[in-house]
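Student: Before anything else, here's the structure in question.
In structure tokens form, the structure reads like this:
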């Protein structure tokens, strides 16, 4: 200590970590400009996000009354007469249920097949790329596709039918089926990535115990990727509730949920309705209705859902336990 | 139930899962076929010239709406250049702006921000990506459009182009601003991932040679992840092309082609329409066969562009694998 200390003090370059670091004030002005721009861009984006949330929160608190959530929309002259957003809320919930209900088995089956079997490999590649194509397809094109499918005579029983017998191809089933395509890619990707991250020795241990491949998948692997699947489902839900184009083209944009036919549950599935997104669209100046207060209130509810789902994704991601090497749980 | 409890034969499970997976592939093929078949009349009557300029788009579409169930061949005449132009214009400006902002803020997040700020910034920027497009549209049409229309556009600017178009505030500028905010988070996610995956030793080597830390990032790391930046831009372009509802709400809804010769500022105030927003605009008219074929042709074009862009994104990212950098 006493031997080395004097040498350090006399050495011309400062050796402490802090001293060696160059201060931005000594940089060239171009570098300082880039530094300032980077800070501005990063903080600016955060500020935009905060501004959107705060502004929508302000408008939401201003216009959202608890009663709005429980009253049905109505036709009225002024904004005080047009009722609440009960039907859009139910419509959003129903569409989410149908969309996730269809997407979940599809996505998990695809992910398991690709991660665990994947033979022949060219076929697995084809399936993977087709999911990528679905992910890249604009939602408005998916809506057009859904319309062309559900207007086929084959699917006529599934949708709203006009007086003259023309098939409109608009119903909760039609919209839900297309919503499942929107939820599919994130759900698939989350599950596949989870399965690929499961260490190989867990599979080997299960095989050594005499389990078949499918038993290993059901008892060991699916259990250990539960949190990945949960993240995927949350992402899928947040994409479904935020989508407008499919609802506009495929759900009929009726004010109330209108059922079709006599059978209790089927009539709802065949019926038409609206969701929060289409309600916002219709009540904004872009749609025909000029009821900005109602649009703000519904958009606030929508944003609260999205925020909640975002927090949920964060929490699932954070609380993900490191899989124990023995049980995988 | 007891059948379910019994261990499945492995080969049957594999076949079942494979069949379900193929269903998705079949779905994509069905999508291409269905959209293509319904768009075919437009290609049949116009070839590819419907992408070009000529004629008045709004009267053409009004003609299509007016025809009955069996439209004459003349009803299929279409020149959709204003929409193609609007799509290219909004997408390219938003991509250029978005790339610059995304690169800068990725550097901020990965290299500059203190750990606590970074922990806050990542979920906040992720939130921007998940705000529904209709909420962006609502804010645009109720806040930004009136602001631009009342405070930014001056009366003399309105008068100078009143023979061509009415400036209400809704138009290219608002579309580009909101579109940039919508696509930047997607690019940030991809660029951040690549920045973090780039070997730290390269940058450290540059710092050891005397570069300051920021210049080292700009000169070494950023150069190494150029393919990832390009891929991010391409994927964001696919997203921007397909954005329908937000653009429909704030673009002013007229098939006008913003003209730069009117002046740079006025250019950004002029309304326009894109392919995707036109589908939303005219979806009520899907009953008329000619208009339906037109809208499906727009959809087919969007589908084709998204397909090309996703292939391009894949090809651009290939060189990254050489460095074992996943992006």
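Residue numbers (our numbering), protein chains in the order written: chain A, 285 to 613; chain B, 150 to 476.
The beta carbon of each residue, even a glycine, is placed where N, CA and C say it ideally should be.
Keep in mind it's a predicted model, so treat the numbers as computed, not measured.
1. Would you identify the three-state DSSP class for residue 468(B), choosing helix, strand or coil?
2. Using the DSSP secondary-structure output, state which residues sit across from residue 421(B) in a beta bridge.
3. Who are the Cβ neighbours of residue 365(B) in its own chain at under 6 Å, not counting the five residues just before and after it?
4. Which residues in chain B have a C-beta closer than 9 Å to the C-beta of residue 670(A)? List them in chain order.
5. Would residue 401(A) count as contacting chain B if we go by Cβ distances under 8 Å?
6. Enumerate in chain order the residues of its own chain whose CB-to-CB distance from residue 120(B) is below 6 Å, with the five nearest sequence positions on each side excluded.
7. Name the residue from 238(B), 339(B), 417(B) whose alpha carbon lies nearest to the alpha carbon of residue 310(B).
8. Just list the residues that DSSP pairs residue 357(A) with in beta bridges.
9. Can you tell me where the alpha helix (DSSP H) holding residue 500(A) begins and where it ends?
10. Would you list the residues sitting across from residue 557(A) in a DSSP beta bridge?
11. If the criterion is Cβ atoms closer than 8 Å, does the pair residue 413(B) and residue 374(B) meet it?
12. Since residue 465(A) contacts residue 395(A) with CB under 8 Å, what's their CB separation in whole angstroms?
13. What's the gap between the Cα of residue 298(A) and the Cα of residue 599(A)?
14. Is the stretch 384-394 of chain B touching the stretch 239-255 of chain B in the sense that three or more CB pairs, one from each, lie closer than 8 Å?
15. How would you list, in chain order, the residues of chain B whose beta-carbon sits under 7 Å from the beta-carbon of residue 598(A)?
16. For a test of the three-state rule: what should DSSP assign to residue 572(A), helix, strand or coil?
17. Do you know whose CA, among 543(A), 585(A), 595(A), lies nearest residue 441(A)'s CA?
18. In the stretch 347-359 of chain A, which residues sit with their C-beta less than 7 Å from some C-beta in chain B, listed in chain order?
19. Looking at residue 322(A): is its Cβ nearer than 8 Å to the Cβ of residue 257(B)?
20. I'd like to check one pair, residue 410(A) with residue 174(B): are the Cβ atoms closer than 8 Å?
21. DSSP three-state label for residue 392(B), please.
22. Does the stretch 322-339 of chain B come within contact of the stretch 270-286 of chain B, defined as at least 3 CB pairs closer than 8 Å?
23. Helix, strand or coil for residue 488(A) per DSSP?
24. Run through the DSSP bridge pairs and tell me what residue 542(A) is partnered with.
25. Examine chain A for any beta-carbon lying closer than 8 Å to the beta-carbon of residue 150(B), and answer yes or no.
26. State the DSSP-derived secondary structure class of residue 98(B), mapped to helix, strand or coil.
27. Could you round the C-beta distance between residue 533(A) and residue 359(A) to whole angstroms and report it? I think they count as a contact, below 8 Å.
28. Would DSSP call residue 123(B) helix, strand or coil?
29. Measure the CB-CB distance between residue 424(B) and residue 431(B) and report whether it falls below 8 Å.
Tutor: Checking against the coordinates, here is how it stands:
1. helix
2. Beta-bridge pairing links residue 421(B) to 401(B).
3. 352, 355, 356
4. Given a span of 285 to 613 for chain A in the structure shown, any question on residue 670(A) remains unanswerable.
5. Interface residue, yes.
6. Nothing in the structure corresponds to residue 120(B), since chain B is present only between 150 and 476.
7. 417(B)
8. Its beta-bridge partners are 367(A).
9. 497-500
10. 536(A)
11. no
12. The Cβ separation is near 16 Å, so there is no contact.
13. At residue 298(A), the pLDDT of 44 sits below 50, so the modelled position is not reliable and the matter cannot be decided from this model.
14. yes
15. Result: 272.
16. coil
17. 543(A)
18. none
19. yes
20. yes
21. coil
22. yes
23. If DSSP states are grouped into helix, strand and coil, residue 488(A) belongs with the helices.
24. 556(A)
25. Here the model assigns residue 150(B) a pLDDT of 47, short of 50, so the residue's position is not dependable, and the following value carries that caveat. No, no contact with chain A.
26. With chain B running from 150 to 476 in the structure shown, residue 98(B) is simply not present.
27. Not confirmed; about 23 Å, so no contact.
28. The question about residue 123(B) has no answer, for chain B in this structure spans 150 to 476.
29. no
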